[in-house]
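Student: Whatever position you read off the sequence shown (first residue = 1), add 120 for this note's numbering.
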Amino acid sequence: MCKVSAAITDGAVKALISQLGYSSLYPPQEMAVKSGILEYERILVTTPTASGKTLIAMMAILKAVEKGMKAVYLTPLRALASEKYDDLKILEKLDLGGSKIRVTVATTDYDSSGNELAGADVIVLTNEKMDTLFRHNAEWLGNVGIFVSDEVHLIGDRERGPTLEMMLTKIRRNYPQSQVVALSATVANSDEIADWLGCKLVESDWRPTKLVEGVYEYGAAKMSDGSKFKVESSGVSSAVDLAIDSFNGGGQALIFAETRKRAASLAAKAVDGVYKRLDKAARELAAGASADILARGDDSELTKTLAQLVAKGVAFHHAGLGPSSRKIVEDSFKKGIIKILTATPTLAAGVNLPARRVVIASILRYDSNYGGSVPISVLEYKQLCGRAGRPKYDAFGEAVIVSERGVNAEELYDHYVLGSPEPLRSQLSNDSAIRFHLLSAIATMPGMKKPEIHDLFAGTLFARQYRSATVEFKVESALEYLEQEELVKSKNGRYISTEFGKRTSLLYIDPITAVAFRTALERVERVEGKHTIGFLHLITGSPDFYPKLSLRKKDYDELSLMIRDRGKELLYDLSEYDCTRSFWALCEWIEETSEKILSDKMGVEPGDMHRMVEMTDWLAYSLYEVAKILRREDILPELYNLRTRIRYGVKEELLPLVALEGIGRVRARSLYAAGITDVGKISRVPQNKLANIPKIGAAVAEKLKDQLKKRPGQQ
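#1: With DSSP as the reference, label residue 412 as helix, strand or coil.
#2: Please check the pair residue 522 and residue 373, which I expect to be a contact at CB under 8 Å, by giving their CB distance rounded to whole angstroms.
#3: Indicate whether residue 344 and residue 352 have their beta-carbon atoms separated by less than 8 Å.
#4: With 16 as the cutoff for other CB atoms within 10 Å, does residue 204 come out buried or exposed?
#5: Give the DSSP-derived three-state secondary structure of residue 297 in the structure shown.
#6: At 3 residues or longer, what runs of the beta strand (DSSP E) sit wholly inside the segment 580-640?
#7: Taking C-alpha atoms, which residue in 153, 719, 754 lies nearest to residue 441?
#8: In the structure shown, what three-state DSSP assignment does residue 490 receive?
#9: When you compare only the Cα positions, how much space is there between residue 477 and residue 437?
#10: Output needed for residue 166: all residues of its chain with C-beta closer than 6 Å, excluding positions within five of it in sequence on either side, in chain order.
#11: Does DSSP put residue 265 in a helix, a strand or coil?
#12: Check the DSSP bridge columns for residue 194 and list the partner residues they point to.
#13: Which value, in whole angstroms, describes the spacing of the CA atoms of residue 347 and residue 505?
#14: Considering only their Cβ atoms, is the gap separating residue 756 from residue 748 smaller than 8 Å?
#15: Quick one: residues in its chain with C-beta nearer than 7 Å to the C-beta of residue 768, no 5 flanking neighbours on either side, listed in chain order?
#16: Assuming residue 450 is part of the alpha helix (DSSP H), what are its boundary residues?
#17: Just list the residues that DSSP pairs residue 485 with in beta bridges.
#18: So if DSSP puts residue 568 in a beta bridge, which residue, or which two residues, is it bridged to?
#19: Give the range of the beta strand (DSSP E) segment to which residue 665 is assigned.
#20: Would you call residue 149 buried or exposed, if buried means 16 or more other Cβ atoms sit within 10 Å of its Cβ?
#21: Whole alpha helix (DSSP H) runs in the segment 741-803 with 4 or more residues, listed along the chain?
#22: How is the beta strand (DSSP E) around residue 224 delimited, first residue to last?
#23: Could you name the residues that DSSP lists as bridge partners for residue 437?
#24: Helix, strand or coil for residue 333 per DSSP?
#25: Applying the 10 Å Cβ sphere with the 16-neighbour rule, what's the burial state of residue 567?
#26: I think residue 807 touches residue 821, with their Cβ atoms under 8 Å apart; what is that distance to the nearest whole Å?
#27: Determine the direct distance from the alpha carbon of residue 736 to that of residue 761, and round the result to whole angstroms.
#28: Can you check whether the CB of residue 816 is closer than 8 Å to the CB of residue 805?
#29: What are the boundary residues of the beta strand (DSSP E) that residue 477 is part of?
#30: Drop a sphere of 10 angstroms on the beta-carbon of residue 593, count the other beta-carbons inside from all chains shown, and report buried for 16 or more, exposed for fewer.
#31: In whole angstroms, what is the alpha-carbon distance linking residue 235 and residue 257?
#32: Measure the C-alpha to C-alpha separation of residue 206 and residue 692 and round it to an integer number of angstroms.
#33: Any idea what DSSP makes of residue 165, helix, strand or coil?
#34: Using 10 angstroms around the beta-carbon of residue 338, count the other beta-carbons present and answer buried if the total reaches 16, otherwise exposed.
#35: Would you identify the three-state DSSP class for residue 816, choosing helix, strand or coil?
#36: Any contact of the segment 586-603 with the segment 507-525, i.e. 3+ C-beta pairs under 8 Å?
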């Protein structure tokens with residue numbers, strides 16, 4: 121490794137490295153410096169996990185900020201954005217000639233101009249948030265000196281790839297003077313990606329801890345360094361045996377399972393092997409984390425089960441957990457409180473949770489688009505392996521695949537351990553993605569001619585990897601749809617968006633969703649009456665809604681009764697066979713059904729419910745905005761109230777109460793049950809009596825009174 125003093129001459133960059141506690145650079149960092157990262161060269165860095173890519177980005181960011189330019193750091197996931205924001209906050213401790221660096225993060229509110237970010241020097245964004253800022257033509261983007269794009273290998277991801285690809289295409293096209301630093305896992309066609317991005321390639325397989333990979337079968341593991349080792353069998357699970365073996369050797373272990381159910385099952389099986397070896401201090405820390413989960417989470421059986429396992433030093437992690445539970449599990453694993461963590465592969469794309477040994481319990485994962493289990497790719501496998509080896513604690517890391525019955529261990533070894541990650545392929549060929557981004561281009565750059573439209577898409581990776589005739593056909597088909605549905609129009613050979621098309625683009629919804637909303641709203645009669653479940657069915661049936669949970673056999677009869685009782689609220693005739701469990705859960709949510717019942721009875725886990733509410737809130741807002749364009753003032757109040765009910769999970773009678781800060785569904789219902797049905801009654805109740813109401817207490821009562829003092833006419 122190279123001494124910092126020999127490689128770096130810039131004082132601010134030296135100060136940053138010193139602040140981080142480093143005296144030397146990792147080889148990939150040294151390569152990046154030699155390639156011109158500090159001279160504003162565009163660079164693609166493809167190296168393993170934990171090889172120092174973040175510091176490479178930090179150094180380049182600091183140079184841009186020194187010149188008075190802004191820096192944008194882009195990530196594919198909110199969790200990663202939060203993690204990178206925490207990493208980059210250290211820049212605020214540096215002194216640049218008397219001025220301080222301001223770091224901020226933004227991941228949500230797609231219908232925002234982004235002007236509130238103008239005061240920051242370093243801005244951390246998700247790719248989707250960046251895309252919306254392009255659509256809003258945020259003025260401060262003209263002062264961005266560097267764009268850092270993290271996890272660029274996700275350009276091959278079916279869901280997130282198209283937005284990442286179009287975003288990078290726009291950066292290359294519209295910001296030719298800005299530096300681009302792209303960070304990626306190792307991929308087979310890194311030369312092609314670097315050439316497409318116009319970047320120098322910095323490629324290395326160096327990592328701070330040695331990685332040994334292998335396959336486990338019949339009680340023994342064959343490893344890539346030629347070694348073999350045996351593990352004592354418990355008869356419970358080979359994956360658990362491997363994890364316990366690592367724990368017994370003083371290391372933490374991470375088990376990747378193909379489904380949520382198996383992740384939870386493997387965690388439960390690991391308890392006996394872990395808890396008996398925990399000393400008193402470790403047990404107390406585990407008990408504290410467990411109590412924290414129960415205090416901050418919901419009261420579902422899933423959360424209770426998790427808390428019981430955490431108390432034993434074991435946990436599971438998947439998208440079904442609520443946000444607070446997930447965060448506690450992540451923090452507890454980082455602190456070493458949790459010794460064995462089981463997870464679904466989605467964790468590998470999220471927060472950084474390294475362990476000495478990574479155990480891959482199955483090379484299969486569930487694919488919702490396929491409707492079943494499919495083998496993971498070599499690239500995905502290598503990403504899972506990247507979690508093996510904690511740089512500060514372990515001299516080495518191990519990644520072991522468990523060979524399941526019917527699977528040839530040698531084939532697994534040859535394909536995954538000895539295999540190379542697949543080349544990245546563009547996912548922009550998806551018709552929906554083309555429509556979505558074509559509308560954005562026309563709405564953002566009004567007056568485009570057809571050759572200019574084709575020129576934009578000719579700059580994509582899609583155009584580089586497919587025949588030009590294929591790209592042109594896809595674009596022409598999308599353009600025809602947008603024009604036919606009156607999202608765009610042409611005059612004298614130039615294309616502009618209609619009012620409807622412009623709003624659709626800014627709302628960041630699929631054109632098909634917008635058209636479905638418009639069609640449904642045009643059918644709503646101008647008569648009094650509720651359309652609550654009709655609007656919810658419309659939203660949950662849209663392409664943008666996620667997750668769409670299918671009904672179970674036992675759900676049909678109960679849902680059929682609800683539709684029969686509330687049929688007048690529907691926008692069109694439907695039966696229970698036209699519905700999803702997500703639709704039903706949201707209907708129950710706004711009737712104040714508890715998260716416990718939603719999880720235990722309906723099988724909608726807290727994490728899924730959280731995402732549904734968040735997604736429905738956004739789509740209800742979009743539906744409201746489409747109604748405004750259609751001049752449907754008659755239904756705007758209902759849509760506004762519905763959105764508030766969705767956000768808080770309350771019946772309509774509680775709307776005045778949840779408008780108060782600190783009052784959610786539980787406290788609002790408690791106030792209502794005590795006879796306090798509106799804000800005016802709060803002002804008339806003595807503070808001590810308010811405090812005695814269940815779920816309120818002295819602190820909340822005081823805050824409520826303070827709020828009302830600031831409201832005209834409420835003193």
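Each residue gets a CB set at the ideal place from its N, CA and C atoms; glycine is no exception. Treat the numbers as computed from the prediction; the structure is a model and nothing was measured.
Tutor: On the basis of the coordinates in this document:
#1: In the structure shown, the three-state DSSP call for residue 412 is helix.
#2: Not confirmed; about 13 Å, so no contact.
#3: Result no, Cβ atoms of residue 344 and residue 352 do not sit closer than 8 Å.
#4: Counting of Cβ neighbours within 10 angstroms places residue 204 among the buried residues, the total reaching 16 or more.
#5: Coil at residue 297, not helix or strand.
#6: With a minimum length of 3 residues, the continuous beta strand (DSSP E) runs that stay inside the segment 580-640 are 608-611, 614-617.
#7: Selected option, being the one with the closest Cα: 719.
#8: DSSP places residue 490 outside both helix and strand once states are collapsed to three, so it counts as coil.
#9: Their Cα atoms are separated by approximately 17 Å.
#10: If we look at residue 166 and ignore the five residues flanking it on each side, its Cβ neighbours are 304, 306, 310, 323.
#11: In the three-state reduction of the DSSP assignment, residue 265 falls in the strand class.
#12: In DSSP, residue 194 forms a bridge with 245, 269.
#13: Rounded to whole angstroms, residue 347 to residue 505 spans 18 Å at the Cα level.
#14: With contacts defined as CB atoms closer than 8 Å, residue 748 and residue 756 qualify as a contacting pair.
#15: Excluding residues within five positions, the ones whose Cβ falls inside 7 Å are 778, 784, 785.
#16: For residue 450, the enclosing alpha helix (DSSP H) has its first and last residue at 443-454.
#17: 494.
#18: The bridge partners DSSP lists for residue 568 are 615.
#19: In the DSSP assignment, residue 665 falls outside any beta strand (DSSP E) and carries neither an H nor an E.
#20: Classification for residue 149: buried.
#21: Entirely contained in the segment 741-803, the alpha helix (DSSP H) runs reaching 4 residues are, in chain order, 756-768, 775-778, 785-793.
#22: That run of the beta strand (DSSP E) goes 223-226.
#23: 463, per the DSSP bridge assignment.
#24: Residue 333 falls in the strand class under three-state DSSP.
#25: Burial call: exposed.
#26: Residue 807 to residue 821, Cβ: 5 Å. Contact.
#27: Straight-line Cα distance between these residues: approximately 13 Å.
#28: Contact annotation: residue 805 and residue 816 have beta-carbon atoms that are not nearer than 8 Å.
#29: In the DSSP assignment, residue 477 falls within the beta strand (DSSP E) that extends over 477-480.
#30: The residue in question, residue 593, is exposed, as its Cβ has fewer than 16 Cβ neighbours within 10 Å.
#31: In a straight line, the C-alpha of residue 235 is about 10 Å away from that of residue 257.
#32: Going by the C-alpha atoms only, they are around 48 Å apart.
#33: Correct three-state label for residue 165: strand.
#34: Of the other Cβ atoms in all chains shown, fewer than 16 fall within 10 Å of the Cβ of residue 338; this residue is therefore exposed.
#35: Three-state DSSP puts residue 816 in coil, outside helix and strand.
#36: The segment 586-603 makes no contact with the segment 507-525; the number of CB pairs closer than 8 Å stays below 3.
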